[in-house]
Amino acid sequence: MEKTPDQPTSYVYLILGIFFVMFGFLLKGMIAFTGVGAAFLFMYYRQRRDKKE
-13 MEKTPDQPTS
-3 YVYLILGIFF
7 VMFGFLLKGM
17 IAFTGVGAAF
27 LFMYYRQRRD
37 KKE
């Protein structure tokens, strides 16, 4: 699994998603942060799935 230089954004989505979800859990009840994190993780997953096909 090598990093593709033309698509570094998927890793940014992954890092931001984890960060926001962790932040949301730490603040207890910050559903907005958790939702944003989940959206980033979904975008990361979708990009990876599109790349595989």
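Note that the numbering used here has the sequence shown beginning at -13, numbered continuously upward. Note that beta-carbon positions come from the ideal geometry of N, C-alpha and C, so glycine has one too. Only a predicted model underlies this, so the values are computations on that prediction, with no experimental measurement involved.
Check	Outcome
Close beta carbons around V22, own chain, < 6 Å, minus the five adjacent residues each side	F6
Rounded C-alpha distance that separates M16 from A25	15 Å
Per-residue burial, Y(-1) [other beta carbons within 10 Å of its own, 16 or more giving buried]	buried
C-beta atoms of F19 and F28 nearer than 7 Å	no
Start and end residues, alpha helix (DSSP H) containing M8	T(-5) to L13
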